[in-house]
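Colleague: Residue numbers are given in my numbering: position 171 of the sequence shown equals residue 173, and the series is strictly consecutive. No residue lacks a Cβ here, since even glycine has one placed at the ideal position from N, Cα and C.
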Amino acid sequence: MDSRLPIALILFVLGLGPCFAQTSSPLASHWGAADYPEFKRGFQSGMTFLSFTEYDSKRRRFGETEQGLAAQAKDPVLANAEPPYPETMGFNFLSLAYGNHVNSQSTELSNMMYRYTASLGLNSDRFTEFYQNQVVHKGYRDIDPVPRDRVRCDDPLRLGCAEFALGGEIFYRFTNMELEDKLKFYSSNFFVGVGTSVGTPLLEGYVELGVTQLPTLVTTEYLGIRVAGMIRVGGNLQPPFQDPRFGKIAPGYYLVQGGLESILFEKIYRIVLSNNFTYHSGLFVDDQGREIRELFWTIGIDIDSFYFEAFNDMLGGTDFGPSFGGRFHWDIEKPGKILSAVETFVQGLNRSR
3 MDSRLPIALI
13 LFVLGLGPCF
23 AQTSSPLASH
33 WGAADYPEFK
43 RGFQSGMTFL
53 SFTEYDSKRR
63 RFGETEQGLA
73 AQAKDPVLAN
83 AEPPYPETMG
93 FNFLSLAYGN
103 HVNSQSTELS
113 NMMYRYTASL
123 GLNSDRFTEF
133 YQNQVVHKGY
143 RDIDPVPRDR
153 VRCDDPLRLG
163 CAEFALGGEI
173 FYRFTNMELE
183 DKLKFYSSNF
193 FVGVGTSVGT
203 PLLEGYVELG
213 VTQLPTLVTT
223 EYLGIRVAGM
233 IRVGGNLQPP
243 FQDPRFGKIA
253 PGYYLVQGGL
263 ESILFEKIYR
273 IVLSNNFTYH
283 SGLFVDDQGR
293 EIRELFWTIG
303 IDIDSFYFEA
313 FNDMLGGTDF
323 GPSFGGRFHW
333 DIEKPGKILS
343 AVETFVQGLN
353 RSR
């Protein structure tokens with residue numbers, strides 16, 4: 003892919019102003035998080051945890067290649083050079099998002115939605131290291147832990163360990179037509195979008211095209227299956243206002259996501275299980291300047307007003323770099339059955355006093 007195309011896309015998107023940005027937490031889509039747009043208005047809040055590790059469990063360093071290691075063995079200058087990614091990092095974000103229709107009274111503009119996202123957090127590997135080594139490697143898979151040498155923020159409260167990002171996205175849902183007794187127009191599940199994100203880890207702009215929450219013929223009272231898929235093309239820049247988190251990044255990328263959603267017990271207590279796969283052309287580059295391609299597997303559960311998701315690079319057979327992450331978010335304005343029941347119970351206790 004011509005590297006000038008993603009840069010041109012960034013400049014185009016940034017030139018449109020601050021009403022565009024990313025729907026999810028910063029970096030999450032580059033770790034394999036499902037990043038389909040939300041077709042709902044209102045506020046959402048959530049937390050995201052992302053791990054970037056310098057080594058895998060066999061102490062292979064992320065970004066190093068056999069050609070690079072051979073060159074280092076022959077040249078002492080190269081042998082003393084700093085590796086492509088010499089630090090392990092843990093990104094921990096708290097995000098608040100708001101989405102709405104551009105104009106709900108207009109036939110066409112009601113299909114166009116925008117979404118702002120503000121994220122604030124700390125760079126700390128304490129939780130991500132515990133989860134990776136103690137929970138997954140030792141407790142679940144019984145494999146060697148991933149070593150740590152140089153961690154970016156041993157003390158997450160010191161200067162330079164704060165993380166933030168501002169962004170948003172605008173997307174358009176295509177219109178379907180139906181002709182029975184009379185002509186009807188309604189929003190489809192196919193969309194096109196554009197967005198950008200500006201923050202401490204990365205400056206990013208992108209365009210996307212896809213389908214989400216598309217029903218299939220499997221629809222019963224107790225089981226329904228929906229499909230989703232998306233392709234995104236974007237460009238990246240290093241933040242100009244501080245030391246970069248990553249020494250090298252690719253100027254552009256594309257990613258392809260696809261998956262299934264299973265809707266269980268629709269009429270009793272609705273639970274949605276999701277299973278997604280992501281191919282990423284590479285946000286990071288190796289010591290030869292080539293993009294490092296990634297494959298991710300993502301599972302999620304949507305229950306009540308809460309959504310939980312975990313993503314991992316085990317599909318690509320690696321365990322370093324953007325190795326794993328997790329996030330959960332909840333609807334602030336639309337409490338589900340559990341929160342509504344708790345609220346009713348508390349109100350009943352107050353009335354009984």
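(1) Which residue's Cα is closest to the Cα of V258: P242, Y224, P324, E296?
(2) Measure the Cβ-Cβ separation of T280 and F298 and say whether it is below 8 Å.
(3) Put Q24 into one of helix, strand or coil per three-state DSSP.
(4) Roughly how many angstroms lie between the CA atoms of E171 and S276, to the nearest whole one?
(5) Just how far apart, CA to CA, sit G141 and A73?
(6) Taking its Cβ as the centre, do 16 or more other Cβ atoms sit within 10 Å of F193, making it buried, or is it exposed?
(7) Return the first residue and the last residue of the beta strand (DSSP E) that A36 is part of.
(8) Is the Cβ-Cβ distance between E263 and A230 less than 8 Å?
(9) Pick from R175, I265, S307: whose alpha carbon is nearest that of S112?
(10) Assign A343 to one of three DSSP states: helix, strand, or coil.
(11) With H, G and I counted as helix, E and B as strand and the rest as coil, what does DSSP make of A83?
(12) Nearest to N278 by alpha carbon, out of D37, P28, L29?
(13) Hey, S121 and L96 are a contact pair by Cβ (cut 8 Å); roughly how many whole angstroms apart?
(14) Output the distance between the C-alpha atoms of E2 and P203, rounded to the nearest integer angstrom.
(15) Which runs of the beta strand (DSSP E) fall wholly inside the region 175–253 and span at least 3 residues, in chain order?
(16) Go ahead and pull the three-state DSSP assignment for F132.
(17) Use the C-beta contact count for L205: other C-beta atoms within 10 angstroms, 16 or more gives buried, fewer gives exposed.
(18) Since I believe F51 is in contact with G327 (beta carbons under 8 Å), could you give me their beta-carbon distance rounded to a whole number of angstroms?
(19) Whole angstroms is fine: what's the gap from Y100's alpha carbon to D333's?
(20) Mind checking who F166 pairs with in its DSSP beta bridge?
(21) Helix, strand or coil for Q290, going by three-state DSSP, please let me know.
(22) Would you kindly check if the distance between the Cβ of G92 and the Cβ of S31 is under 8 Å?
(23) Give the secondary structure of S354 by DSSP, where H, G and I count as helix, E and B as strand, and everything else as coil.
(24) Can you grab the Cα-Cα spacing for the pair Y224 / I265, in whole Å?
(25) Looking at C-beta atoms only, is the number of pairs between the region 240–250 and the region 214–222 that lie closer than 8 Å three or more?
(26) DSSP three-state call for L317: helix, strand or coil?
(27) Between the beta-carbon of P86 and the beta-carbon of D289, is there less than 8 Å?
(28) Could you tell me whether the region 64–79 touches the region 343–350, where touching means 3 or more Cβ pairs closer than 8 Å?
(29) Here's the rule: buried if 16 or more other CB atoms are within 10 angstroms of the residue's CB, otherwise exposed. What is R351?
(30) Can you tell me the Cα-Cα spacing of D144 and T55, whole angstroms?
(31) Going by DSSP in three states, G284 sits in which element: helix, strand or coil?
Modeller: Checking against the coordinates, here is how it stands:
(1) E296
(2) yes
(3) Legend: pLDDT at Q24 = 36, less than 50; position of this residue unreliable, value from coordinates given subsequently. Coil.
(4) 23 Å
(5) 39 Å
(6) buried
(7) Counting along the chain, A36 falls outside any beta strand (DSSP E), and DSSP gives it neither H nor E.
(8) yes
(9) R175
(10) helix
(11) coil
(12) D37
(13) 7 Å
(14) Here the chain has residues from 3 to 355 only, and residue 2 is not among them.
(15) 185–201, 205–221, 225–239
(16) helix
(17) buried
(18) 6 Å
(19) 10 Å
(20) L122
(21) coil
(22) no
(23) helix
(24) 8 Å
(25) no
(26) helix
(27) yes
(28) no
(29) Looking at the sequence itself, residue 351 is Leu, so the reference to Arg does not match. L351 should be labelled exposed.
(30) 19 Å
(31) coil
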